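Residue numbers (my numbering), protein chains in the order written: chain F, 1 to 345; chain G, 1001 to 1348. A virtual CB, placed ideally from N, CA and C, is assigned to each residue, including glycine. Source: prediction; values computed, not measured. Report on the following structure.
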Amino acid sequence: MMNKADVKETSNFAKLLKKEQGSIVRIFILIGIIIFAQIINPAFLSSFNVNSILVMICIYGFLGMAQTMVMFIGELNLTLGVQIAFAPVVGLQATKLIYRLFGTDITSSTIYIVDGLVPIFIITLITGIVLGFVCGWLTLTFKIPSLIVTLGMMYMLTGLCYNVSGSASFCVYLTIPGINVLTSGKILGLPICFWILLVVYAVMIFLMHYTTFGRRIYATGGNTKAAGYAGINTKAWKIITFVLSGFFCSMAAVIWTSRMESVDPSQGAGLQFYALAIAVIGGINIAGGKGTVFGTLIGSAIMTVVLNLMAMVGLYSWYQDIVIGVIILLTSLQQAIELYRETHR
Amino acid sequence: MRLKLQEKVIYMTKESSISEKEKQNVSSSPSLGQKLRSSELFVLLVVLVVVFLVGAIARGDHFLNSTNFSNIFRSGSVVGILGLGATCVILVGEFDLSIGSIMAFSAVAGATFITKTKLEVPGIIFTVLVGALAGMINGLLVTKGKIKSLMATLGMMTLLGGCAEWISKGLPIYLYDFEVYMGVGKNKILGIPEPLYFFAAIAIVLGVIYSTTVVGKKIYYTGANPRAAHLCGINTDAYKIMGFMISGGCAAMAAVILCAMNSHAVNTIATGQEMTGIAVAVIGGTMLGGGRGNIWGSVIGAFIFQMILNVLALSGLGTYTEQTLKGLIVILVVIAYQIINERKRRSR
């Protein structure tokens, strides 16, 4: 045990290093993969490929963050994949309705949307927040495991997606000027969405590790009962994490829409498991109260680079699945061993 | 002083009268009606009958004919077998997300085996064994590897899904030449579709084991409190692995029936079926977290689930609305169970 003097002597920087120990190891792994990729295929670090990797990191980063937020409190969110489609579809239809109320039609020849970019994105974000709230509220009011709530929501949203889009199983193209500004527009050579990602992550790292906001969420996740006795409104904090999860997922949906310049009711299917994989690769433990936000960023980077590398080498999609499966199993095994060592010291 | 004493006496007499009433309650065993009302199976049966009546009234002859019912029995058997597997895993307090991928993997592996060797019955047994083996790997990862079952089965889901695609190269393997295999899904014995016999056999074996034998008791204890069960000398790891193996085997059996119904095996066979097992188990009254629920509940749950889907399909709402309502049903059922349980706990 350390006494008080020792605690004072250890600087903030050393504390940070200790907390981010896992992430630092992962950064080295990431650098290793990048070097390996560059040796295999010199086109890996070409500006075009780097740009597409950065955009994908944004999508996976926000998705991973969405899963991370609920995993901090030991819950899960399986609606994330469907939400990537559902939120923009709702945004699109609501915007259409609003414009129709004011007498303008923004659709041209049924599958092209020509106006209303900002309302679409804003309603997409609001939808995500509402969905997150509904999931959290159901989970906590009725004390049902979040796995089953979000599972039911997943089924529901998959169906609703097509119902809301007017049973159109084809995609709707957004031919609005400036739709791709998030992914193609650049500031200092980096895509705008990447800057957004960095800012959001910086804010979240600050909130989670340096304010009471984060400390309360960590406490709730680590031991809900103890946190409750300590005077933390655990129910409220859990709902807040669900709302944040929905919000970040909608951020991913916005970037996805901006990149594809279209909305397809079937997009994003299965991404909830990718989100889970990213969080686990980033060192977040499913038991709650463990891991750092920074880890998720590195996790999403590793995921993107590995997927990109496999696509570049020309591996079939089934090899990608196999590799991701093995990565998930190995990282969870490593986490399990770490936990075993901690408890049996 | 005297007043207080009086109060005390009154209080005591009140208490004694209450206790006498309680004693009477305890001594007179609850009537059959009370017993029935409190049992979850009875409630499930009532729900089943209600769904049946709604279907019969709303859709009439479209619902009440032998073709439709053999369809319900066929699909209900697939769903039910998946549900039984999921129940076995949930009862020991774990999860199996890999059911869908085990279905795909074992179906494709089995079909490849059959087309290569032309052996049909061994091929079906091989398929089920592959499923059970995959389940055993799940179980070993969870018990010996100490990985949370959610993560382990998630990893296995991706891994096996990839393997299934790798073996089949994403192409369907046609099975028109194999009549015994195809018969598993298509034949009728005594006018009843063959899948129902498989479902009944699995349900009876599992149901008897889980509700009457010592092994069943130990499985329930393992699920309810693994630590206490372990300290009582129950080999919890073995029962957990067994649960996963049953789940894998059931998934493989369901895959055989589905493939036989479709006349081909393909790696996308389980798309949309990944979570059906869990949904059926939950409708059947199996509580997530382990140790509560039973096999018979899942059997009835499977038919409720399939009959609701059937009525929805017949009413022409379309696939998408069907999907929406499927999700809504799962959530509502869980909320209903939660409220009932909360009341029971309060009244106790």
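- Around the Cβ of residue 1342 of chain G, are there at least 16 other Cβ atoms within 10 angstroms (buried) or fewer (exposed)? Result: exposed.
- Query: By Cβ distance, which residues of its chain are closer than 8 Å to residue 1260 of chain G, with the 5 residues on each side in sequence left out?
  - Reply: Here the set comprises 1175, 1181, 1182, 1183, 1184, 1185 and 1186.
- Item | Neighbour flag for residue 143 of chain F against chain G, beta carbons, 9 Å | True, the Cβ-Cβ gap to chain G drops below 9 Å.
- Determine, using beta carbons only, whether residue 305 of chain F comes closer than 9 Å to chain G. No, its Cβ sits nowhere closer than 9 Å to a Cβ of chain G.
- Message: So the candidates are G/1335, G/1312, G/1151 and G/1284; which of them puts its Cα closest to the Cα of residue 1047 of chain G?
- Response: Per the Cα distances, G/1284.
- Task: List in chain order: all unbroken alpha helix (DSSP H) runs of 4+ residues lying wholly within the region 175-212 of chain F.
- Result: Assignment of alpha helix (DSSP H) within the region 175-212 of chain F, counting only whole runs of 4 or more residues, yields 181-184 and 192-210 in chain order.
- Query: Nearest-angstrom Cα distance between residue 1279 of chain G and residue 1223 of chain G?
  - Reply: Taking the straight line joining both Cα atoms gives about 19 Å.
- Item | Chain-ordered chain F contacts of residue 1147 of chain G [CB-CB under 9 Å] | For residue 1147 of chain G, the neighbours in chain F by C-beta distance under 9 Å run, in chain order, 329, 332, 333, 335 and 336.
- Task: Compare the C-alpha of residue 125 of chain F against each of F/85, F/162 and F/288 and name the closest.
- Result: The residue from F/85, F/162 and F/288 with its alpha-carbon nearest to that of residue 125 of chain F is F/85.
- Use the C-beta contact count for residue 110 of chain F: other C-beta atoms within 10 angstroms, 16 or more gives buried, fewer gives exposed. Classification for residue 110 of chain F: exposed.
- Take the Cβ of residue 83 of chain F as the centre, count every other Cβ of all protein chains shown within 10 Å, and call the residue buried at 16 or more, exposed below. Per the 10 Å Cβ criterion, buried.
- Residues, ordered as in the chain, of the region 230-259 of chain F that lie near chain G by beta-carbon distance below 7 Å: Within the region 230-259 of chain F, no residue has a Cβ that lies closer than 7 Å to any Cβ of chain G.
- Query: What residues from chain F crowd round residue 1163 of chain G, counting only those whose CB sits closer than 9 Å?
  - Reply: Those are 318, 321, 322 and 325, listed as they occur along chain F.
- Task: Would you give the residue range spanned by the alpha helix (DSSP H) that residue 1118 of chain G belongs to?
- Result: For residue 1118 of chain G, no alpha helix (DSSP H) encloses it, and the DSSP letter there is neither H nor E.
- Item | Contact residues within the region 1310-1324 of chain G, judged by C-beta distance below 9 Å to chain F | Here the close residues are 1318, 1319, 1320, 1321, 1322, 1323 and 1324.
- Below 8 Å between beta carbons is the criterion; list the residues of the region 258-287 of chain F that meet it against any residue of chain G, in chain order. Within the region 258-287 of chain F, the residues whose Cβ lies closer than 8 Å to some Cβ of chain G are 273, 276, 277, 280, 286 and 287, listed in chain order.
- Task: Going by CA-CA distance only, name the one from F/256, F/313 and F/328 that's closest to residue 277 of chain F.
- Result: Restricting attention to F/256, F/313 and F/328, the CA atom closest to the CA of residue 277 of chain F is found in F/328.
- Task: In angstroms with no decimal places, state the Cα-to-Cα distance between residue 1257 of chain G and residue 92 of chain F.
- Result: Going from the Cα of residue 1257 of chain G to the Cα of residue 92 of chain F covers about 42 Å.
- Message: As a quick exercise: from F/333, F/274 and F/264, pick the residue whose alpha carbon is nearest that of residue 89 of chain F.
- Response: If we check each option's Cα against that of residue 89 of chain F, F/264 comes out closest.
- Task: Take residue 192 of chain F and list the residues in its own chain whose beta-carbon comes closer than 6 Å to its own, dropping the five residues that flank it on each side.
- Result: Here the set comprises 182 and 185.
- Task: Would you check if the region 1065-1077 of chain G and the region 1186-1206 of chain G touch, i.e. whether three or more CB-CB distances between them fall below 8 Å?
- Result: Contact between the region 1186-1206 of chain G and the region 1065-1077 of chain G is present, because at least three Cβ pairs lie under 8 Å.
- Query: Contact between the region 308-315 of chain F and the region 29-41 of chain F: three or more CB pairs below 8 Å?
  - Reply: In short, these stretches touch, since the Cβ pair count reaches three.
- Task: May I have the straight-line CA-CA distance separating residue 1263 of chain G from residue 146 of chain F, to the nearest angstrom?
- Result: Looking at the two C-alpha atoms, the distance is approximately 38 Å.
- Query: Quick one: which chain C residues come within Cβ less than 8 Å of residue 1152 of chain G?
  - Reply: Here the protein chains are F and G, and chain C is not one of them.
- Query: Grouping DSSP H, G and I as helix and E and B as strand, with all else coil, what is residue 344 of chain F?
  - Reply: The three-state reading of DSSP puts residue 344 of chain F in coil, since its state is none of H, G, I, E or B.
- Message: Within the continuous alpha helix (DSSP H) that includes residue 1088 of chain G, where are the two ends?
- Response: Residue 1088 of chain G -> alpha helix (DSSP H) spans 1066-1091.
- Taking residue 29 of chain F as the query, report the chain G residues whose CB atoms sit under 8 Å from its CB, ordered along the chain. Listed along chain G is no residue with a C-beta nearer than 8 Å to that of residue 29 of chain F; the closest approach is about 18 Å.
- Task: Using beta-carbon positions only, say whether residue 1140 of chain G and residue 1251 of chain G come within less than 9 Å of one another.
- Result: At least 9 Å separates the beta-carbon of residue 1140 of chain G from that of residue 1251 of chain G.
- Message: On a Cα-Cα basis, can you pick out the residue from G/1286, G/1322 and G/1299 that is closest to residue 1333 of chain G?
- Response: When only C-alpha atoms are compared, the closest one is G/1286.
- Could you work out which residue in G/1329, G/1318 and G/1292 is closest to residue 1210 of chain G when comparing CA atoms only? The shortest C-alpha separation from residue 1210 of chain G is found at G/1292.
- Message: Just to confirm, is the Cβ distance from residue 1269 of chain G to residue 1103 of chain G under 9 Å?
- Response: Going by C-beta atoms, residue 1269 of chain G is nearer than 9 Å to residue 1103 of chain G.
- Message: Strictly below 8 Å CB to CB, what residues from chain F border residue 1156 of chain G?
- Response: Below the 8 Å Cβ cutoff, chain F contributes 325 and 329 as neighbours of residue 1156 of chain G, in chain order.
- Message: Below 8 Å, how does it come out for the region 1126-1137 of chain G and the region 1242-1249 of chain G: are there three or more Cβ pairs, yes or no?
- Response: The region 1126-1137 of chain G vs the region 1242-1249 of chain G: in contact.
- Query: By DSSP, does residue 1164 of chain G sit in helix, in strand, or in coil?
  - Reply: Residue 1164 of chain G: helix per DSSP, three-state reduction.
- Item | DSSP-derived helix/strand/coil call for residue 1193 of chain G | Residue 1193 of chain G: strand per DSSP, three-state reduction.
- CB-CB under 6 Å to residue 289 of chain F, same chain, minus the five flanking residues each way: which ones, in chain order? Counting only Cβ-Cβ distances below 6 Å, and skipping sequence neighbours, we find 218, 221 and 222.
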